[in-house]
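Student: Letter 203 of the sequence shown, counting from 1, is numbered 203 in the working numbering, and no numbers are missing. Note that CB positions come from ideal geometry on N, CA and C, so glycine has one too. Okay, handing you the structure first.
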Amino acid sequence: MEPISLSPSLVDRAFAVGSRLYERAFPGPARLGAPLQAAGHGDTPVVLVPGLGNDARFMAVWERSLQADGFRTFTFDDPARGLGDIRTAATRLASFAAGVQAATGSAYIDVVGYSAGASVARTWMQLDGGAPAVRRMISLDGTWNGEDHSRLLRAIESTPIAGASLLKSVPPALLDLQPSSALQQELLHQPRLPASVRLTSIYRSANATEGSVLGARNLPLRGSLGHLAVVRSSDNAYEAARAALLESQ
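Following this line, the structure appears as structure tokens:
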């Protein structure tokens with residue numbers, strides 16, 4: 001019997017279909033958080049960076065809410081949907097951020113990275129020289145210290161007949177997030193962002209190990225909150241992020 005083979009593109013499409021089905025089933029509220037009494041305070045453009053397997057539509061409720069509160073908001077739409085190599089995504093984010101600066105005439109941007117999107121933003125800022133362009137960075141339940149999927153990878157590898165082929169189909173981003181990956185080891189040697197970037201980490205209490213960031217203002221969210229709910233339905237997460245964006249405007 002020939003081994004079963006799954007191409008990476010097929011796996012990526014499966015992620016994409018699953019994400020779109022979720023977005024249609026749970027479109028999210030019209031907006032998050034209580035409206036500001038006086039909108040229009042957000043002078044610095046805000047760039048939203050979605051997470052693993054997500055496109056710009058996944059952050060739509062955040063974009064709507066921030067725009068309604070007066071922020072100039074732009075969502076990075078990675079063509080690989082956050083599944084590709086994180087360094088490549090960081091390079092694309094750099095180009096996107098430069099485009100936002102050119103379009104708005106702003107010397108700086110604020111970045112809000114959800115889940116693996118925080119790792120993409122961090123890679124751009126720390127390894128690709130993006131920090132001087134960023135005034136504030138907000139990590140939303142971010143994979144700031146990598147994410148250990150070793151048990152999952154071992155289970156895939158040990159799958160009868162198809163294990164080796166399945167392992168080759170694992171999205172590169174998932175491998176980059178492994179604490180032992182070359183990317184995470186490089187980031188480990190630079191644990192802090194430059195002091196010029198105000199870093200806020202908002203995370204579920206259940207994610208304290210990954211969410212708590214050295215040198216950041218760490219804001220754990222109370223209660224039992226799912227990872228997806230942080231960006232799809234949590235008023236508390238949104239209001240905490242908005243408050244951080246409004247500081248010293």
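Anyone know if the C-beta pair for E186 and T143 falls short of 8 Å?
Tutor: No.
Student: If G84 sits next to P172, beta carbons under 8 Å apart, how far is it from one beta carbon to the other, in whole angstroms?
Tutor: The Cβ separation is near 5 Å, so the contact holds.
Student: In the DSSP assignment, find the alpha helix (DSSP H) that holds S181 and state where it starts and stops.
Tutor: Looking at the DSSP string, S181 is not in any alpha helix (DSSP H), and its letter there is neither H nor E.
Student: Mind checking whether T123 and A98 have CB atoms under 8 Å apart?
Tutor: Cβ distance not < 8 Å, so T123 and A98 don't count as in contact.
Student: Tell me the residue span of the alpha helix (DSSP H) that contains G211.
Tutor: G211 -> alpha helix (DSSP H) spans 208-211.
Student: Taking DSSP as the reference, what is the three-state secondary structure of L228?
Tutor: Looking at L228 - three-state DSSP - the assignment turns out to be coil, as it is neither helix nor strand.
Student: Should P194 be labelled buried (16 or more other beta-carbon atoms within 10 Å of its own) or exposed?
Tutor: It is exposed - the Cβ of P194 has fewer than 16 other Cβ atoms within 10 Å.
Student: Does the segment 235-244 come into contact with the segment 61-81, if we say contact requires no fewer than three beta-carbon pairs (one atom in each stretch) closer than 8 Å?
Tutor: Output reads yes: the segment 61-81 touches the segment 235-244.
Student: Give me, in chain order, the residues of the same chain whose beta-carbon lies closer than 7 Å to that of A216; leave out the 5 immediate sequence neighbours on both sides.
Tutor: L199, T200, S201, listed in sequence order.
Student: On the three-state DSSP scale, how would you describe A94?
Tutor: A94 falls in the helix class under three-state DSSP.
Student: According to DSSP, what are the bridge partners of I86?
Tutor: According to DSSP, which records beta bridges pairwise, I86 is partnered with nothing at all.
Student: Quick check on the burial criterion: 16 or more other C-beta atoms within 10 angstroms. Buried or exposed for Q184?
Tutor: Result: buried.
Student: Skipping 5 residues on each side, what residues in its chain have a beta carbon closer than 7 Å to that of L175?
Tutor: Around L175: S181.
Student: How many angstroms separate the CA atom of L221 from the CA atom of I138?
Tutor: In a straight line, the C-alpha of L221 is about 14 Å away from that of I138.
Student: Please list the terminal residues of the continuous alpha helix (DSSP H) segment that includes I235.
Tutor: Per the sequence shown, residue 235 should be read as Asp rather than Ile. Looking at the DSSP string, the run of the alpha helix (DSSP H) that includes D235 is 235-246.
Student: Restricting to Cα atoms, I'd like to know which of R92, S95, R135 is closest to V112.
Tutor: It is R135.
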